[in-house]
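Count along the sequence shown from 1, then add 45; that gives the number in my numbering.
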Amino acid sequence: MTKGREEYGPHFVQSVARALSVMRSFTAERRSQTLTQVARETGLDRATARRLLLTLADLGYVTSDGRSFELTPRTLELGYAYLSSMSLPEIAQPHLQSLARELNETAALAVLDGEEIVYIALVQSTRLMAVKIGIGTRFDVYTTSMGRVLLAGLPDAELDERFGRLRLEKKTDHTIRSPRTLREEIDKVRKQGWALVDSELEEGLRGAAAPVRDRAGQVVAAANVSVHAGRTTPELVERDYVPAILRTVRLIEADLVSGITR
46 MTKGREEYGP
56 HFVQSVARAL
66 SVMRSFTAER
76 RSQTLTQVAR
86 ETGLDRATAR
96 RLLLTLADLG
106 YVTSDGRSFE
116 LTPRTLELGY
126 AYLSSMSLPE
136 IAQPHLQSLA
146 RELNETAALA
156 VLDGEEIVYI
166 ALVQSTRLMA
176 VKIGIGTRFD
186 VYTTSMGRVL
196 LAGLPDAELD
206 ERFGRLRLEK
216 KTDHTIRSPR
226 TLREEIDKVR
236 KQGWALVDSE
246 LEEGLRGAAA
256 PVRDRAGQVV
266 AAANVSVHAG
276 RTTPELVERD
286 YVPAILRTVR
296 LIEADLVSGI
306 TR
């Protein structure tokens, strides 16, 4: 349910919030939705949901076959201004390309957005084609290596606040469901400087990640490599992949501090 003026103040324009909630209701699992589904996911009544969907269709952000609705590529414009103003993806891309080429695996960069990570740079290997990811892809922060790195970079107070409202959903049989165990894992990431997640987001998908810090030492992103679990072991990932990721992160940070783009 969309929050209103009582939450944000008299400046709040509820129609804008509702339109955005309609757009956010579409996910990788719900690429196409009926009016009923959109109303259910947003908590809006059908009449309001219908008006918003038709307005978004008029503006070119939604398309419909008469029964179901889908977002159009025009929605990418909404994030382009933010991404294009960032130097980080441009700086990271050549280093991710080198990392992906060295390991022959998918390499990526992500940032934290609420309870999710968002991919902002990516070099995808054909060896991981079964996993559907791209720029703008979002995953749950708690079940990903990049997510845990980003959580580990948060101040204690903010991390405590997040754990206070934590809901851990089971993605696979390996997903950590205990907040205490998850907190121990994040503390481990803080100490060792990298994260390894094994088949918690998707069965058979193993990922390792390390933090990218700005000139002030703040964690601003995470870089990772994803690999099918059948091709390696956690021990081999730690031995062969993690050092390469850490080297890549240092190169990204050096360019980020100096403002170099390529």
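Where a beta carbon is used, it is the ideal one built from N, C-alpha and C, also for glycine.
Neighbour-count burial assignment, residue i, 16 or more Cβ in a 10 Å radius
i	result
H140	buried
M174	Confidence is the limiting factor: at M174 the pLDDT is only 49, short of 50, which leaves the residue's position unreliable and the question unanswerable from this model.
V163	buried
Q78	buried
A92	exposed
Q138	buried
A266	buried
G192	buried
D158	exposed
D300	buried
S303	exposed
L123	exposed
G88	exposed
V83	buried
P55	exposed
V234	buried
Residue i vs residue j beta-carbon contact at 9 Å
i	j	result
A268	I231	no
R101	A64	First, the amino acid is wrong: residue 101 is Leu here, not Arg. Yes. Within cutoff.
T277	R251	yes
H273	G249	yes
D185	E160	yes
R95	L116	no
Y286	L227	no
P134	A166	yes
S70	E52	no
L107	L98	The sequence as given places Val at residue 107; Leu does not occur at that position. Yes. Within cutoff.
V21	L148	Residue 21 falls outside the range modelled here, since the chain spans only 46 to 307, and no answer is possible.
I290	L195	no
Q169	G179	yes
Terminal residues of the beta strand (DSSP E) in which residue i lies
i	result
Q78	S77 to T79
P256	L250 to R258
H273	V264 to H273
Per DSSP, the bridge partner or partners of residue i
i	result
D158	E161
T364	Because the chain spans 46 through 307 in this model, residue 364 falls outside it and cannot be assessed.
L167	A153
T108	E115
A197	A197 pairs with nothing; no bridge assigned.
A240	A254
The alpha helix (DSSP H) enclosing residue i, as first and last residue numbers
i	result
A289	V287 to S303
H219	Segment: none, H219 is in no alpha helix (DSSP H) and carries neither H nor E.
A94	R91 to D103
A62	Q59 to R69
E147	L133 to L148
Is the number of C-beta pairs between the segment 207 to 221 and the segment 141 to 154 that are closer than 8 Å three or more?
Note that the segment 207 to 221 does not touch the segment 141 to 154; fewer than 3 beta-carbon pairs, one per stretch, sit closer than 8 Å.
Would you check if the segment 252 to 259 and the segment 199 to 208 touch, i.e. whether three or more CB-CB distances between them fall below 8 Å?
Flag = no, the segment 199 to 208 and the segment 252 to 259 do not touch.
Three or more C-beta pairs below 8 Å linking the segment 233 to 247 and the segment 273 to 282
Touching, yes.
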